[in-house]
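Those protein sequences? They're chains G and S, same order as listed.
Sequential numbering of the first sequence, starting at 1, is according to our numbering.
Sequential numbering of the second sequence, starting at 400, is according to our numbering.
Number of protein chains: 2
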Amino acid sequence: MDYLSLLSERTKRISVSAIREILKAASRPGMISLAGGIPAPESFPIEIIGKLSDKVIQTYGPSAFQYDLTEGFPPLRKVLCTHLSSKDIFVTPDEILITSGSQGALDAIGKILISPGDVVAVEAPTYLGAIQAFNPYEPHYINLETDDDGLIPSSLEKALSSHRVKFIYLVPTFQNPTGRTISLERRREIASIIIRHNVLLVEDDPYGDLRYRGKAIPSIKTMAPDHIIYLSTLSKVFAPGLRIGFCLAPEMIQKWLVIAKQGVDLHTSTFNQALAAEYIAGNYLEKTVPKIIRIYQPRLDKMLDALDRYFPKEFYWSRPDGGMFIWAEGPEGMDMQSIYQESLRQNVTFVPGRYFYTAKGQGMATMRLNFTMAGEAAIDDSIKTIAAILKKRIQGKAA
Amino acid sequence: MDYLSLLSERTKRISVSAIREILKAASRPGMISLAGGIPAPESFPIEIIGKLSDKVIQTYGPSAFQYDLTEGFPPLRKVLCTHLSSKDIFVTPDEILITSGSQGALDAIGKILISPGDVVAVEAPTYLGAIQAFNPYEPHYINLETDDDGLIPSSLEKALSSHRVKFIYLVPTFQNPTGRTISLERRREIASIIIRHNVLLVEDDPYGDLRYRGKAIPSIKTMAPDHIIYLSTLSKVFAPGLRIGFCLAPEMIQKWLVIAKQGVDLHTSTFNQALAAEYIAGNYLEKTVPKIIRIYQPRLDKMLDALDRYFPKEFYWSRPDGGMFIWAEGPEGMDMQSIYQESLRQNVTFVPGRYFYTAKGQGMATMRLNFTMAGEAAIDDSIKTIAAILKKRIQGKAA
Chain G
1 MDYLSLLSER TKRISVSAIR EILKAASRPG MISLAGGIPA PESFPIEIIG
51 KLSDKVIQTY GPSAFQYDLT EGFPPLRKVL CTHLSSKDIF VTPDEILITS
101 GSQGALDAIG KILISPGDVV AVEAPTYLGA IQAFNPYEPH YINLETDDDG
151 LIPSSLEKAL SSHRVKFIYL VPTFQNPTGR TISLERRREI ASIIIRHNVL
201 LVEDDPYGDL RYRGKAIPSI KTMAPDHIIY LSTLSKVFAP GLRIGFCLAP
251 EMIQKWLVIA KQGVDLHTST FNQALAAEYI AGNYLEKTVP KIIRIYQPRL
301 DKMLDALDRY FPKEFYWSRP DGGMFIWAEG PEGMDMQSIY QESLRQNVTF
351 VPGRYFYTAK GQGMATMRLN FTMAGEAAID DSIKTIAAIL KKRIQGKAA
Chain S
400 MDYLSLLSER TKRISVSAIR EILKAASRPG MISLAGGIPA PESFPIEIIG
450 KLSDKVIQTY GPSAFQYDLT EGFPPLRKVL CTHLSSKDIF VTPDEILITS
500 GSQGALDAIG KILISPGDVV AVEAPTYLGA IQAFNPYEPH YINLETDDDG
550 LIPSSLEKAL SSHRVKFIYL VPTFQNPTGR TISLERRREI ASIIIRHNVL
600 LVEDDPYGDL RYRGKAIPSI KTMAPDHIIY LSTLSKVFAP GLRIGFCLAP
650 EMIQKWLVIA KQGVDLHTST FNQALAAEYI AGNYLEKTVP KIIRIYQPRL
700 DKMLDALDRY FPKEFYWSRP DGGMFIWAEG PEGMDMQSIY QESLRQNVTF
750 VPGRYFYTAK GQGMATMRLN FTMAGEAAID DSIKTIAAIL KKRIQGKAA
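This is the structure in structure tokens:
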């Protein structure tokens, strides 16, 4: 059969992600990986999960294994309200939709909102998973400018004045890939701009709880609730393999997200939602997050220290207060793809930054460095290795 | 905000399913439900799941809770090969894609194959979940005729001769909603037709293991492997709340299904896949299925017996050898929606058959009766209740 002729028009927009190959290479034995966006396995509360499994079976019995509401398992939606109120987000259980990871929310958002050619405004660079979720629905992207304080509000204002934007997609806190956080002042400006332009914003907040210093900054959701779909996940504060995300959208949007989700997976795993409900209700979430931070904070510090010591002076890098990533930019003309190839030969991987841009040719001199998977000694070694390759390349150019 | 104006073109094809309301009504206390397609909670191997949770934590440790391959958890894919070989389907682990329920496979199939306006051929009536998965991708449906032996091959031949069909969707064994099974002779004819017309067929097989009498009939996949995407689920033989489905597609199609799934949910719950792997590897699946059959078979027999005794002679109904449903058709002009309303007032629910048709106005005199959720006495009572309403209506018409 000529299978290729069977593919839909939209499939042509779904490219085979080169990053899949990078992450496969990262899992090879002996490799030090600064590539993935993957929590440290030692951060998983394995023993707690064992206890919670017994508790769930005792408490909920067969209903933890039965088909359930598309909207989500009611006990989980209930405890998430309490959890969210600690972030100044006040909602009722009915306003929460549980999704299969935040990826599930991104897919449903793309599906119900994007007609082919619709304009979606994204930070440049932006989260790759969002692009992968939206692409099959055939949007046109416009890029918003960013600096060390995150999205530049005037860039948003300009985009909204010159384009009919369907929605804006942002990761305001410890962004993937840059680790940057939008400042409080800018969040207020952004809220005011989206209200004035009457436009929808998708605020993706997977890393907010992983803050290693400084004070938490309120979500933009708290400033413009009717204009924002807020999404988050338990992947970084419980376990990613359980695939539990959640989202809060204005009622009319939420209704359609539920209907779209029903066609995609009926509902998210009842058992895993019950585990998550007991994890939060039993105060395990609030006890576990500080433990996770105690693992990650020294790794971030070690990586910043190593960058200071080893990286060429021609480089800039972000100095995040939390999350999982540091972003580094080299001098123009540097091809980070070829640096990556050389680094791979020396058993160190990272992700070339160009994969986080929606347009070709952007971000060629950039890289994303993850600091949660490798131990401190390995982080020091691997940054030293990459730095040596970079210096050699810069010297080669200068010669 | 005018949220309605934000919805995509495709969202207009995603209708709010009336069946959602029916299933909500079915869960009201005191209701006897013949409505859902839901396994009996007493069929769930709860104690086994408790043991398996401990086993999974011991055997796989943190990797059962980590991000995993989009293709699926390797140990599950491995044991599924053995399971499938007992059905004369011989594949390697690499050929298996684990999906979030079979719904996840249906969504990915729709996404990668259907361009707006593409023709999808379905049995009339057909599985509602497939329609819900495909609709957002804007197909045009054509209906295939069926009788007590399932799909009529000449109807398929005719459809393929007169339309350019993107794919055919069938539930050949104990179909939802009719309970009918396509005979061996017809399967061979269908295989020969799709090979001759060089067309793709999606064979959905969620109920095959729930056979209460007669001999298993090989899947069409065994007869035309290169032309078939075969999908199945553990929802009916393990637990639906774990959301574990799987599919086998020709290599080129499989590759795109994986990429589509990555954008939708990254991967299916690792923990639940590990539970499923241990469930099959520990021979619990083969021990549990006979137990499930011992619960369902007397319920099917009781319902057939009650239909024989109480239902008006003007009615036809299917006599399935397995699965979860009986299909009943009344005389033309009978409005099953209004029968449903009256039945609901008497605390008995079923699903009016018209929801299983892709075109409006079809199947008005039909109904789907589920026999797995209610006990035998309740089945007898509820069929008696519905029969009394039907008889009254028929007499009223005759008078």
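Each residue gets a CB set at the ideal place from its N, CA and C atoms; glycine is no exception.
Source: prediction; values computed, not measured.
Buried versus exposed call for P689 of chain S [16 or more other C-beta atoms within 10 Å across all chains shown]: exposed
Closer than 8 Å between beta carbons: that is the criterion. Which residues of the stretch 158-183 of chain G meet it against chain S? K166 and F167
Does any CB atom of chain S fall closer than 8 Å to the CB of K215 of chain G? no
Between Y695 of chain S and chain G, is any beta-carbon pair separated by less than 8 Å? no
Counterpart residues of D147 of chain G in DSSP-defined beta bridges: G:G150
Chain G contact residues for F670 of chain S, given Cβ-Cβ distances below 7 Å: G241, L242 and N272
Evaluate the contact criterion for the stretch 64-74 of chain G versus the stretch 267-276 of chain G: three or more CB pairs, one atom per stretch, below 8 Å. yes
Report the residue ranges of all alpha helix (DSSP H) runs contained in full by the stretch 691-735 of chain S; include only those spanning at least 4 residues, in chain order. none
Can you give the Cα-Cα distance for I488 of chain S and K620 of chain S, rounded to whole angstroms? 8 Å
Starting from the Cα of G613 of chain S, find the closest Cα among S:L641, S:Y629 and S:T572 and give me that residue. S:T572
Between F167 of chain G and G732 of chain S, what straight-line distance do the alpha-carbon atoms span, to the nearest angstrom? 48 Å
Would R642 of chain S and S618 of chain S qualify as a contact pair, given that the criterion is a beta-carbon distance under 8 Å? no
Would you say Q103 of chain G lies against chain S (beta-carbon separation less than 8 Å)? yes
Taking the alpha-carbon positions, what's the T805 of chain S to G722 of chain S distance? Residue 805 of chain S lies beyond the range of chain S shown here (400 to 798); nothing can be said about it.
Give me the DSSP bridge partner(s) of P352 of chain G. G:M367
Could you please give me the residues that DSSP links to C247 of chain G through a beta bridge? G:L97 and G:L231
Quick check: what's the CA-CA separation for I627 of chain S versus I593 of chain S? 9 Å
Could you spell out where the beta strand (DSSP E) holding D603 of chain S opens and where it closes? L599 to D603
Starting from the beta carbon of L599 of chain S, find every residue of chain G whose beta carbon is closer than 9 Å, and list them in chain order. M1, Y3 and L6
Host beta strand (DSSP E) of I567 of chain S (start-end): V564 to L569
Which of the three DSSP states, helix, strand or coil, is assigned to R476 of chain S? helix
Beta-carbon contacts of A378 of chain G that lie in its chain and below 8 Å, excluding the five residues immediately before and after: I32
Bounding residues of the beta strand (DSSP E) (the contiguous stretch that carries E278 of chain G): Unbroken run through E278 of chain G is the alpha helix (DSSP H), T270 to A281; no beta strand (DSSP E).
At the 8 Å Cβ level, is P62 of chain G part of the contact set with chain S, yes or no? yes
Counterpart residues of A121 of chain G in DSSP-defined beta bridges: G:I142 and G:I168
Interfacial residues, the stretch 365-393 of chain G to chain S, with Cβ spacing under 8 Å: none
Determine the chain S residues that contact F407 of chain G at a beta-carbon separation under 8 Å, and present them in chain order. An answer regarding residue 407 of chain G cannot be provided, because it is not within the stretch 1 to 399 covered by chain G.
What does a CB cutoff of less than 7 Å around K454 of chain S pick up in its chain, not counting 5 residues either side in sequence? E677
From what residue to what residue does the alpha helix (DSSP H) around R612 of chain S run? Run containing R612 of chain S: none; DSSP gives neither H nor E here.
Is the shortest distance between the beta-carbon of L665 of chain S and the beta-carbons of chain G less than 8 Å? yes
With which residues is I131 of chain G paired in a DSSP beta bridge? DSSP, once it has assigned bridges, lists no residue as partnering I131 of chain G.
Cβ closer than 9 Å: which chain G residues qualify as neighbours of Y536 of chain S? S8 and R10
I32 of chain G in three-state terms, based on DSSP: strand
Rounded to the nearest angstrom, what separates Q457 of chain S and K450 of chain S at their Cα positions? 11 Å
Enumerate in chain order the residues of its own chain whose CB-to-CB distance from V79 of chain G is below 6 Å, with the five nearest sequence positions on each side excluded. A277, I280 and A281
On the premise that A25 of chain G lies in contact with G36 of chain G, defined as a C-beta separation below 8 Å, what is that separation, rounded to the nearest angstrom? Not quite, the Cβ-Cβ distance comes to about 11 Å (not below 8 Å), so this is no contact.
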